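Working notes for the structure below.
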Amino acid sequence: MEFIEQAITRELPGDYPTFAVKEELIKTSMKGWGEPMLEYFETVRGLMAQYLKVLVDIHFGMHMHSDLHAKIMSIVRDQLRNLSDKALQHLNSLLSVEGLPFTLNHSQLREYKEAFLDSEAALSTQFRNDLIDLTKLLQRFGLPCTPTNLQRLLPEDKFDSALDIIATVRAYFEVAFGRFIDLVPIVVNSEFVRFVEWKGVLRPL
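The numbering of the sequence shown is our numbering, which starts it at 1 and goes up by one.
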């Protein structure tokens with residue numbers, strides 16, 4: 001909320017450059033995506049390295065005490081390192097692209113946003129019901145008042161003006177995250193695993 005308040009324009013008091021605010025909040029929410037992405041890739045790479053070592057041992061185990069086994073293993077590691085570097089470039093490019101908010105999945109974005117706003121509306125409805133109950137209680141004690149009177153006693157809700165921004169950012173996060181967690185394994189499979197299997201290390205073995 002502090003960040004949104006700082007973005008208020010001086011030309012129109014209370015007005016926000018909404019896309020700039022949303023974009024910055026979206027980027028902030030995505031800062032933690034890189035670490036689990038790399039952890040996933042390192043897990044796959046580690047398993048592939050173990051698998052390749054087993055294959056080399058199977059095919060060249062009889063040369064374990066000669067230079068041949070060591071040379072083959074060195075070649076395999078070099079190939080695996082090169083393919084890993086290329087796959088990481090693709091993954092980092094994907095992460096960079098996701099930092100630019102964009103989607104054509106308007107229907108799902110709208111659904112997530114409406115769901116968030118509905119949940120907030122439900123809380124507001126409960127609050128209004130509580131005010132009505134409190135009003136009735138005060139009236140029983142001979143204190144004339146209305147829910148509107150009680151509402152005026154409360155401080156202004158500073159979050160009202162930012163609710164639409166928050167709802168949009170939350171909705172976009174859901175859409176983008178769903179896309180990202182699918183694309184990461186797709187990239188790892190197509191740019192690393194399949195290259196190792198068919199175009200790189202495994203074919204000679």
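Every residue gets a Cβ at the ideal spot worked out from N, C-alpha and C, and that includes glycine. Since the structure is predicted, the reported quantities are computational estimates derived from the model, not experimental observations.
Close beta carbons around residue i, own chain, < 6 Å, minus the five adjacent residues each side
i             : result
methionine 73 : Val56
valine 184    : Met37
valine 44     : Val188
alanine 87    : Glu191 and Phe192
arginine 169  : The residue you asked about is not arginine; residue 169 is valine in the sequence shown. Excluding residues within five positions, the ones whose Cβ falls inside 6 Å are Lys22, Leu25 and Ile26.
Whole-angstrom distance between residue j and residue i, CA atom to CA atom
i                 : j                : result
glutamine 50      : tyrosine 40      : 16 Å
phenylalanine 180 : valine 54        : 32 Å
lysine 22         : asparagine 92    : 23 Å
lysine 206        : glutamate 24     : No information on residue 206 is available, as it lies outside the stretch 1 to 205 that the chain covers here.
leucine 117       : valine 97        : 28 Å
methionine 30     : glycine 99       : 7 Å
alanine 122       : alanine 20       : Because the pLDDT of alanine 122 is 48, which lies under 50, any placement of that residue in the model is unreliable, and the number read from its coordinates should be weighed accordingly. Alanine 122 and alanine 20: Cα-Cα distance of roughly 29 Å.
tryptophan 198    : valine 187       : 16 Å
valine 76         : leucine 52       : 8 Å
aspartate 85      : glutamate 35     : 16 Å
leucine 68        : phenylalanine 60 : 8 Å
serine 119        : leucine 163      : 12 Å
alanine 27        : glutamate 42     : Contrary to the premise, residue 27 reads as lysine rather than alanine in this sequence. Each residue's Cα considered, the two are about 24 Å apart.
methionine 64     : histidine 106    : 59 Å
glutamate 191     : asparagine 82    : 12 Å
threonine 18      : isoleucine 165   : 7 Å
alanine 167       : proline 101      : 15 Å
aspartate 78      : aspartate 182    : 29 Å
Close-in-space but distant-in-sequence residues of the same chain around residue i (CB under 7 Å, 5 per side omitted)
i            : result
leucine 208  : For residue 208 there is no data in the structure shown, the boundaries of the chain being 1 and 205.
histidine 90 : Val187 and Glu191
Test: residue i CB closer than 9 Å to a CB of chain C
i             : result
aspartate 182 : You won't find chain C in this structure, because it holds only one protein chain.
Cβ neighbours of residue i in the same chain (closer than 8 Å, five flanking residues each side left out)
i          : result
valine 193 : Val44 and Met48
### Task
Spell out a yes or no on whether the region 60–79 and the region 170–177 are touching, meaning 3 or more CB-CB pairs, one atom from each, closer than 8 Å.
no
Quiz prompt | 4 or more residues per run - each alpha helix (DSSP H) lying fully within the region 53–126 | solution = 67–98
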